[in-house]
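K.L.:
Under our numbering, the letters of the sequence shown match residues 1 to 534, in that order. Beta carbons: idealized from backbone N, C-alpha and C, even for Gly.
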Amino acid sequence: MSLHAFSGIWSAIRLTGLLLALAMSSGCGALFYDSLGVASSGSDGAKADAASAVNESGKSAETGVPAADIDEINSAIAELRDLDPATYNELNAQWQASLKNLEKTDAAAWPSIKSLYLTTIRSRKRQLQSKTGEDEASDTESTTEEPRRSAARGARRAKQQKAQRLAVKRRQSKNPNGEHDEDALTQADREAPQAETSSATPEVPVHEAAAQRDGWFFLVEEDSPNASPAGTIRNVAHQAAEVEQDASTRPRGPQSTEHTQHGPSTNTADTGVADATTEPASATNEPAVAADWRDNLTAAIHTLEAEIEEGDFETPERDRQEAILRLLYLANGRRDAAVRTVSSEESQQREFWSKQMYALSLMLDEGPVADRPRRATAAGAALGQAQQHLAAMGDLILKNMTFCTSVTSFAIYQEFDRFEFVPGQQTLVYVEIENFRHEETGEGQRLSFGGSYQIFDHLGRMIVDRQLAEFSEVAQDARRDFYLHYAITLPQRVDPGEYTLQLSIEDNVRHQIAQSRIDFEIRGAVPKNASQLR
């Protein structure tokens, strides 16, 4: 086949690729029309003009392709008129413009080209029908569906991109005899499945590789510059079926579309169509392959490892960098490296990250579903240990301080209805303590607290300052829920009015003090809610 015939075939294929990209992304038609020099509105009369010129052999006199096929494509485009007149005009204008460039189309290649045209049009029709159904439906659809669909689309695209990269590697690893050089491929390359191919579909020679859109390669293979001025596009019909299957789950609405051309630009004089491609992606004209996220992640790990090893960080910054590195290890599936202890000077910091990463690694384990309860139990225990180390790094906190008539256990007490008391009245003060620290002893985990309280009048003058009894206990295991309660006697000689009780608790193990305040009122007579303390 002559180079001139090549140009005619490539013109049809390239326009089909552009038409396919248009169908996958609404609102981007103007970009293509400006590049192709085609008007943005279509004419219904053009359809009749194209179908009228038919010779005796049943082929169009203008294009040389079967007139019945042209009528079928015209009919498919006409079905879009009622769904979206703007889309109909755009696609029809594209189709009418491309008819002039099909006269040199090879008969063996036309069925694949026709299939790609029809697949594009029908995919766009389904999108418009689906959009119409969504406009009429209620807005009660769960918002969690879109993230799930987005994740599914991302997984499909990642799988497609991986297959394309492997195909490129295998082509580049051919030895002078035309055979694959297995030594040039990694073990992962040899074990990974190759992209699907279809031997039933004829190869269509072209001048250049087709465009890439959203990381999805429609036409994927390009020969070396020494072999031929034309690239090779394989499996057009097979790829059209993949596009049709994927179109139903693609996000609808306007999307940005980028087109990248590889190889020499098409001669406008040969094809009669203006060049709609952008600048070459690289000087070497190698196929553009989007990097897999795992490749990027591995590169980030290597970079951060080098920065930590060579950097002169202060201790807090180094701890932060090492924690980030452990998270990257975890995302990359390197569980042993993720749970490795960081080199922090603080033991609580080291143990927290170790337990935290272990818990996350358990939940990210790809084991059988039946093992999930066991993994969840182990992860919960590790998170509990991590929480204890985290609490030990935080500030000592007093919570839920209140006046009570009785206290049974943690969070179980009888509170006064109103904090109104008389001079000399006795009351219980309940308070919960968080972020305390244990001390390991030969007998178990020791806790130790000291305390004091002060009473201030409404002017902020301190009228009472008392020490509280020391509290200490040794438990067989670390305590999580802890509270204290004290019996306090209000002063006998005090004027009626508003007062504030300030409680101070010191953790004798970590040597830290926390305070809490509560307001109350002193009255001259015994209030109705005054009851015997228990």
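Are three or more beta carbon pairs between the region 441–456 and the region 345–362 nearer than 8 Å?
P.N.:
No, the region 441–456 is not in contact with the region 345–362.
K.L.:
For the structure I just gave you, are there three or more beta carbon pairs, one from the region 481–498 and one from the region 457–465, closer than 8 Å?
P.N.:
Flag = yes, the region 481–498 and the region 457–465 touch.
K.L.:
Counting only the same chain and skipping the five closest in sequence on each side, list residues whose C-beta sits under 7 Å from that of GLU79.
P.N.:
LYS125
K.L.:
Count the CB pairs spanning the region 360–377 and the region 388–398 that are closer than 8 Å, and state whether there are at least three.
P.N.:
no
K.L.:
Determine the closest residue to THR489 out of ALA475, HIS302 and PHE421, with distance taken between C-alpha atoms.
P.N.:
PHE421
K.L.:
DSSP on THR341, reduced to helix/strand/coil?
P.N.:
Look at THR341 here: in three-state DSSP terms it is coil, with no helix or strand label.
K.L.:
Can you give me the C-alpha to C-alpha distance between ARG523 and TYR430, rounded to a whole angstrom?
P.N.:
22 Å
K.L.:
Using a Cβ-Cβ cut-off of 7 Å (strictly less than) and excluding sequence neighbours within five positions of ASP44, which residues of its own chain qualify?
P.N.:
For ASP44, the predicted structure reports a pLDDT of 45, less than 50, and the residue's modelled location is therefore unreliable. A value from the coordinates is still provided. Here the set comprises nothing.
K.L.:
Helix, strand or coil, according to DSSP, for GLN94 in the structure here?
P.N.:
It is helical.
K.L.:
When you compare only the Cα positions, how much space is there between GLN426 and TYR499?
P.N.:
15 Å
K.L.:
Roughly how many angstroms lie between the CA atoms of GLN348 and LEU501, to the nearest whole one?
P.N.:
34 Å
K.L.:
Please classify GLU317 as buried or exposed, where buried requires at least 16 neighbouring CB atoms within 10 angstroms.
P.N.:
Looking at its Cβ environment, which holds fewer than 16 other Cβ atoms inside 10 Å, GLU317 is exposed.
K.L.:
Leaving aside the five residues before and after GLU432 along the sequence, list all residues of the same chain whose C-beta is less than 6 Å from its C-beta, in chain order.
P.N.:
LYS399, ASN400 and TYR483
K.L.:
Nearest to ARG480 by alpha carbon, out of GLU305, ASN435 and THR303?
P.N.:
ASN435
K.L.:
Can you tell me the Cα-Cα spacing of LEU459 and LEU325, whole angstroms?
P.N.:
54 Å
K.L.:
One question on the structure: do TYR358 and VAL339 come within less than 8 Å of each other, judged by their Cβ atoms?
P.N.:
yes
K.L.:
Need the endpoints of the beta strand (DSSP E) that GLY451 sits in, please.
P.N.:
445–457
K.L.:
Express the C-alpha separation of THR303 and ALA333 in angstroms, rounding to a whole number.
P.N.:
In the sequence as displayed, the identity of residue 333 is Gly instead of Ala. The alpha-carbon atoms of GLY333 and THR303 are separated by roughly 18 Å.
K.L.:
To the nearest angstrom, how far is the alpha carbon of SER344 from that of ARG320?
P.N.:
9 Å
K.L.:
Can you tell me the Cα-Cα spacing of THR87 and SER115, whole angstroms?
P.N.:
Those two C-alpha atoms are separated by around 20 Å.
K.L.:
From what residue to what residue does the beta strand (DSSP E) around HIS553 run?
P.N.:
Since the displayed the chain opens at 1 and closes at 534, residue 553 lies outside it and no answer follows.
K.L.:
In this structure, how does DSSP classify VAL369 when only helix, strand and coil are distinguished?
P.N.:
Three-state result, VAL369: helix.
K.L.:
Report the option in ASP295, GLN387 and ILE412 whose CA atom is closest to the CA atom of ALA158.
P.N.:
ASP295
K.L.:
If you draw a straight line from the alpha carbon of PHE419 to that of LEU503, how long is it in whole angstroms?
P.N.:
16 Å
K.L.:
Classify LEU468 as helix, strand or coil using the three-state DSSP reduction.
P.N.:
strand
K.L.:
Any idea if ASP519 is buried or exposed, counting beta-carbon neighbours within 10 angstroms, 16 or more meaning buried?
P.N.:
exposed
K.L.:
With GLU309 as the anchor, note down where its alpha helix (DSSP H) starts and where it stops.
P.N.:
Element bounds for GLU309: 293–310.
K.L.:
Expressed to the nearest angstrom, what Euclidean distance is found between the alpha-carbon atoms of TYR117 and GLU72?
P.N.:
10 Å
K.L.:
Kindly indicate which residue of SER452, LEU360, ALA487 and GLN129 has the alpha-carbon position closest to the one of ILE513.
P.N.:
SER452
K.L.:
Tell me whether ALA475 sits in a helix, a strand or coil according to DSSP, three-state version.
P.N.:
strand
K.L.:
When you compare only the Cα positions, how much space is there between GLU322 and PHE410?
P.N.:
38 Å
K.L.:
Give every residue of the same chain whose Cβ lies closer than 6 Å to the Cβ of GLN476, excluding the five residues on either side of it in the sequence, and list them in chain order.
P.N.:
GLY444
K.L.:
Measuring CA to CA, which of ARG510, ALA379 and GLU521 is closest to PRO423?
P.N.:
Per the Cα distances, GLU521.
K.L.:
Between the C-alpha atoms of GLN515 and GLY442, what's the straight-line distance to the nearest angstrom?
P.N.:
31 Å
K.L.:
On the three-state DSSP scale, how would you describe PRO423?
P.N.:
coil
K.L.:
For LEU297 and LEU328, which I take to be in contact (beta-carbon distance under 8 Å), what is that distance rounded to the nearest angstrom?
P.N.:
6 Å
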